[in-house]
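**Q** Protein chains in written order, with my numbering: chain A, 121 to 359; chain B, 306 to 897.
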Amino acid sequence: MTGTINIDGQNIPFEDGQTIIEAATAAGVYIPHLCHQPGYTPHGSCKLCTVKVNGRNCSACTFPASEGQTVINNSAELEQDRRRITQMLFVEGNHLCPSCEKSGNCQLQGVAYHLNMLDNHYPHFYAHREMDASHPDILIDHNRCIFCNLCVRASKEKDGKNVFGIAGRGINKRLIVNSPSGQLKDSDIAVDDCAAHICPTGAILIKRTGYQVPIGQRIYDHQHISEVALAQEGPHGQD
Amino acid sequence: MKTFLTAILTEADYQPVRLLSLLRKIQAQYRHIPAEAIDYLAEALQIPRTQIIAVVEFYSFLHLTPQGRYDILISDSITDRMLDKENLLGYLSSMLKVNPGEVRADGLVSLNNTSCTGMCDQGPAGLVNGLPLTRLDRPRIDQIAASIERQLPVSEWPDYLFAVNDNIYKAGLLLNAPIAKGAAITGAFNRGLAATLAELDRSGLRGRGGAGFKTAAKWRFCAEETAEHHYVVCNADEGEPGTFKDRVLLNSHADQVFEGMTLAAAIIGAKQGFLYLRGEYLHLFDKLQAVLQQRRADGLLGENILDLGLDFDIEICLGAGAYICGEESALIESLEGKPGIPRNRPPYPVTSGYLNQPTVVNNVETFLAAAKIAVQGGDWFAGFGTDKSAGSKILSICGDCARPGIYEYPFGVNIEQILADCGATDVLGVQIGGPSGTFISNKEFKRQLAFEDLATGGSFIVFNDSRNVLDIVQNFTHFFAHESCGFCTPCRVGTSLLKKQLDKIIDGHGSAGDVVELESLCQLVKSHSHCGLGQTAANPILTTLQRYPDLYQKRLKNISYEPGFDLDGALETARRMARRNDAGAHLSQVED
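(1) Going by beta carbon distance, what residues of the same chain come within less than 7 angstroms of P355 (chain A), once the five residues before and after it are set aside?
(2) So is the beta-carbon of D731 (chain B) under 6 angstroms away from any non-hydrogen atom of the ligand ATP?
(3) Looking only at its own chain, which residues have a Cβ that is under 6 angstroms from the Cβ of A253 (chain A), when we skip the five neighbours before and after it?
(4) Name the chain A residues that come within less than 7 angstroms of F792 (chain B), Cβ to Cβ?
(5) What does the Cβ neighbour count give for Q351 (chain B), buried or exposed, with the cut at 16 atoms within 10 Å?
(6) Taking all protein chains shown into account, decide if Q130 (chain A) is buried (16 or more other Cβ within 10 angstroms of its Cβ) or exposed.
(7) Output needed for R797 (chain B): all residues of its chain with C-beta closer than 7 angstroms, excluding positions within five of it in sequence on either side, in chain order.
(8) Taking the C-alpha atoms as reference points, what is the distance between G373 (chain B) and C527 (chain B)?
(9) D464 (chain B): which of B:Y474, B:S452, B:T311, B:N472 sits nearest, CA to CA?
(10) So, for D819 (chain B): in the same chain, excluding its five sequence neighbours on each side, which residues have a beta-carbon less than 6 angstroms away from its beta-carbon?
(11) Can you tell me which residues form a DSSP beta bridge with E620 (chain B)?
(12) Determine the DSSP secondary structure at S746 (chain B), reduced to helix, strand or coil.
(13) If you reduce the DSSP assignment to three classes, tell me which class K809 (chain B) lands in.
(14) Return the Cβ separation of A488 (chain B) and G565 (chain B) in integer angstroms, given the expectation that the two are a contact with Cβ distance under 8 angstroms.
(15) Which residue comes first and which comes last in the beta strand (DSSP E) that contains R176 (chain A)?
(16) Along chain A, which residues have their Cβ under 7 angstroms away from the Cβ of Q356 (chain B)?
(17) Which runs of the beta strand (DSSP E) spanning at least 3 residues fall entirely within the segment 127–194 of chain A, listed in chain order?
(18) Alpha carbons only, please: which of A:D257, A:T145, A:E221, A:L154 is nearest the one belonging to A185 (chain A)?
(19) Would you give the residue range spanned by the beta strand (DSSP E) that I702 (chain B) belongs to?
(20) Against chain B, with Cβ distances strictly below 7 angstroms, would E212 (chain A) count as a contact?
(21) Mapping DSSP to helix, strand and coil, what is F269 (chain B)?
(22) Return the chain-ordered ranges of every alpha helix (DSSP H) run that is complete within the segment 397–427 of chain B and spans a minimum of 4 residues.
(23) Let me know if D359 (chain A) comes out buried or exposed under the rule of 16 or more other beta-carbons within 10 Å of its beta-carbon.
(24) Give every residue of the same chain whose Cβ lies closer than 7 angstroms to the Cβ of N886 (chain B), excluding the five residues on either side of it in the sequence, and list them in chain order.
(25) Can you check whether the CB of G547 (chain B) is closer than 7 angstroms to the CB of Y628 (chain B)?
(26) So who's on the other strand from I284 (chain A), going by DSSP bridges?
(27) Can you find the residues in the same chain that come closer than 7 angstroms, C-beta to C-beta, to G477 (chain B), ignoring five residues on each side of it along the sequence?
(28) Compile a chain-ordered list of the residues in the segment 287–321 of chain A whose CB is closer than 9 angstroms to at least one CB of chain B.
(29) Considering G837 (chain B), what are the terminal residues of the alpha helix (DSSP H) in which it resides?
(30) Indicate whether at least one CB of chain A lies closer than 7 angstroms to the CB of L829 (chain B).
(31) Give me the subset of the segment 188–213 of chain A whose CB atoms are less than 8 angstroms from a CB atom of chain B, sorted by chain position.
(32) Quick one: which chain A residues come within Cβ less than 9 angstroms of D344 (chain B)?
(33) In terms of alpha-carbon separation, which member of B:Y375, B:D344, B:V665, B:G717 lies closest to G690 (chain B)?
(34) Answer yes if the segment 231–248 of chain A comes into contact with the segment 339–349 of chain A, meaning at least three C-beta pairs across the two stretches below 8 angstroms, and no otherwise.
(35) State the Cα-Cα distance for the pair D442 (chain B) and E822 (chain B), rounded to the nearest angstrom.
(36) Report yes if the C-beta distance between G642 (chain B) and G584 (chain B) is below 7 angstroms; otherwise report no.
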């Protein structure tokens, strides 16, 4: 079964079972997102993809498209709120773009550019977060984790493992590793696992690859995240 | 340890859904969840270790590091604070020689704060090894400290320390005349189940947890779903500060609640039900198990109930200190042995609930009312209350009044009447529906208690004019930041930012734009959060900002810019290191 929804005045077809973001992406309409990735179970936690559906705020990545919905995606109000939500992610962790090797390839940064975020607005939490450099090929820098759950889902759904989990409550959330020591080196992750490559920020990095592409020649240095996302999110992620 | 773990695993039938109950038992036995137990459970239950750690870290009553052999938690609800809780905690801390949040070096005792324990009518309250301590005062604390130093088992402490009273001051149509055991089941079958559902519809009964969804519609939607199993869940996780009516209903009317669940089971076609009992009500667990056992013996639970061909049984599952589990989908996650993180909706529990099967989740009071309606009929119930809010509401009244306790009123009663009945004078305002509800001022006492005016899940906290509105708001705002599950950005980060921003203003570091900023943050958290917790977390600020804007403005400094911290205070370390304390080693917050 198919039907039509209307996003910002544009009629967009959908197939039964599609979420609003899936229908939008297929029709070439970008909705900002971080925890959503095609091919993964929708999560709905980052709330960047919030759209107004018939007047009500909904997460486009989890909310099913249904006949006749009127969806607002582009509005000054939503853009402002999405900018604030992105700023929340920036102050929650310790995101120092100039010294981060993911800079230019980072979706958090890309979304911030898209939303014209010029400062952090909120006071920083200066959270004390550890690094896990125990694994020979993969590094975790917890300072940059935004709890999008993508590595958790990637490990479970794509790699058939359960390397990651998210523990803690409230502002004390933390990414944990499934190994007796809690360290990545003692887990069964492999360098070519999806989970090692899916991180939208610089929290999970492949060692010794950080500067192979110089800063200035990276994905979001020249392209808008909306174009990149629409071009890539047909089949799979950026890898 | 292995013997112990094998025993509890066998009892739990090696089912991963029973993880929370297993962890509660391990916590009680070893005062924490040892790494060895985590590895063993992961292997035995075939679940990732990360899930177990996630559960342990999610629930306040579970710990990865050992707590004291006497683990004391003091309720930090606003009503406890109004009863001098802070001073008593300080006294307890000095008597036991342990700071709040710490375990004493000898491992004998640990002390901490906890969210409202549901004893607001007999506070200040606390918990020792999960059991409630009520009416705390200095003599009682002396008794507690002495018992601990003598290492007297909690079971041998004097009974009066643990006394919990019902304090029912005003009974109405439900509390006045409980039904006879079995009457709702026989009544429903005699009338016919479809006709009984129609009666429930006619009664106008709406969910008593606060949201007010029509009960008959919920049951009908669930019944209409084709599935292998259907489930009935009673939500007894009453964590809203100031609410304790479900504690009383389960203490004195459990039969009727279980009968309401059985009625729901008959109508939706469920064979299994759960009572999700908040961990703070551990003291009711054995008593409720005995009620269930008696009902089985009486043929009111189990196979072929009353020879009517109905099979249904109820299991009690204890929570472990997480307010969010009162949200129905978080509660279901918790029942499945996971952290209580609210699900994405749709689908709703009536189509995909426990183990993704159609599930009815209702509040304790809803089941109590449904059972009575099955006996008396819908018109009887609809004859009370207002057009949109039929029947009665059972309130938990606490705070500044002469007679804190349980009061049942037909919907539509005005606030003035309630305040007169509970003996409240010089009232400044009332928090209706708990922190997630509304603060009303003394200019609004003609307003009605009803879904169409002031809705409440039962919490009714009275404040007299000696109270400071901002203290109240601060306590509530900290509560939400503490209880946020952390799943979505606006609530995880936003509730903590609200706490920071409010504290900044209250501590006198706010300047001109800070109240505006506070309000816009409130709107963001309210409109973008994933579930009811985040959507209501800003209510204490918003409802008081609307009524008392001056109180906030008065805290602001009359300058255009004020740093969010104490500048001179921040230099203290530098002064100490430099051994200086002259004028040049101090900085003023602003240019004079």
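We put the beta carbon where it would ideally sit given N, CA and C, even for glycine.
**A** So, to answer that:
(1) Annotation note: pLDDT 38 at P355 (chain A) (below 50); position unreliable, coordinate value reported separately. Correct list: empty, nothing qualifies.
(2) Ligands in the displayed structure: none, and consequently the ligand ATP is not present.
(3) Result list for A253 (chain A): L259, in chain order.
(4) Here the neighbours are S165.
(5) Answer is exposed; the Cβ neighbour count stays below 16.
(6) With a 10 Å radius around the Cβ and a threshold of 16 neighbouring Cβ atoms, Q130 (chain A) comes out exposed.
(7) So the list reads S789, G791, once near-sequence residues are dropped.
(8) The alpha-carbon of G373 (chain B) is positioned some 45 angstroms away from that of C527 (chain B).
(9) For the residues B:Y474, B:S452, B:T311, B:N472, the minimum Cα distance to D464 (chain B) belongs to B:S452.
(10) Within the same chain, Cβ atoms closer than 6 angstroms to the Cβ of D819 (chain B) are found at I810, the five residues on either side in sequence being excluded.
(11) Paired residues: B:F579.
(12) Shown here, S746 (chain B) sits in a strand according to DSSP, grouped into three states.
(13) DSSP, read as helix, strand or coil, puts K809 (chain B) in helix.
(14) No, A488 (chain B) and G565 (chain B) are not in contact; Cβ-Cβ is about 12 angstroms, not under 8 angstroms.
(15) First-last of the beta strand (DSSP E) with R176 (chain A): 176–179.
(16) At a C-beta separation below 7 angstroms, Q356 (chain B) has these neighbours in chain A: G285.
(17) Whole beta strand (DSSP E) segments, 3+ residues: 130–135, 170–173, 176–179, 190–192.
(18) Nearest in C-alpha terms to A185 (chain A), of all of A:D257, A:T145, A:E221, A:L154, is A:T145.
(19) Counting along the chain, the unbroken beta strand (DSSP E) around I702 (chain B) starts and ends at 697–704.
(20) So yes, E212 (chain A) belongs to the interface.
(21) Outside the displayed range of chain B (306 to 897) lies residue 269 (chain B), so it cannot be described from this structure.
(22) If one requires a minimum length of 4 residues, no alpha helix (DSSP H) run lies completely within the segment 397–427 of chain B.
(23) Below a pLDDT of 50, predicted positions are generally treated as unreliable, and D359 (chain A), at 37, falls in that range; the measurement from the model is reported next regardless. With fewer than 16 Cβ atoms within 10 Å of its Cβ, D359 (chain A) is classed as exposed.
(24) Excluding positions up to five away in sequence, the list reads R880.
(25) In this structure, G547 (chain B) does not lie closer than 7 angstroms to Y628 (chain B) by Cβ.
(26) A small correction: the amino acid at residue 284 (chain A) is Phe; Ile does not occupy that position in the sequence shown. In DSSP, F284 (chain A) forms a bridge with A:V297.
(27) Taken in chain order, the residues that qualify are S697, E713, Y714, P715.
(28) Of all residues in the segment 287–321 of chain A, only A287, G288, R289, G290, I291, N292, K293, R294, I296, V297, N298, S299, P300, G302 come within less than 9 angstroms of chain B when Cβ atoms are compared, listed by chain position.
(29) Per DSSP, G837 (chain B) belongs to the alpha helix (DSSP H) from 837–842.
(30) So, interface residue.
(31) Cβ contacts with chain B come from D201, R204, I205, M208, L209, V211, E212.
(32) Counting only Cβ-Cβ distances below 9 angstroms, D344 (chain B) has contacts in chain A at P300, in chain order.
(33) Measuring C-alpha to C-alpha distances from G690 (chain B) to each of B:Y375, B:D344, B:V665, B:G717 identifies B:G717 as the nearest.
(34) In short, these stretches touch, since the Cβ pair count reaches three.
(35) Between the alpha carbons of D442 (chain B) and E822 (chain B) lies a gap of roughly 41 angstroms.
(36) No, these two residues do not count as a Cβ contact at 7 angstroms.
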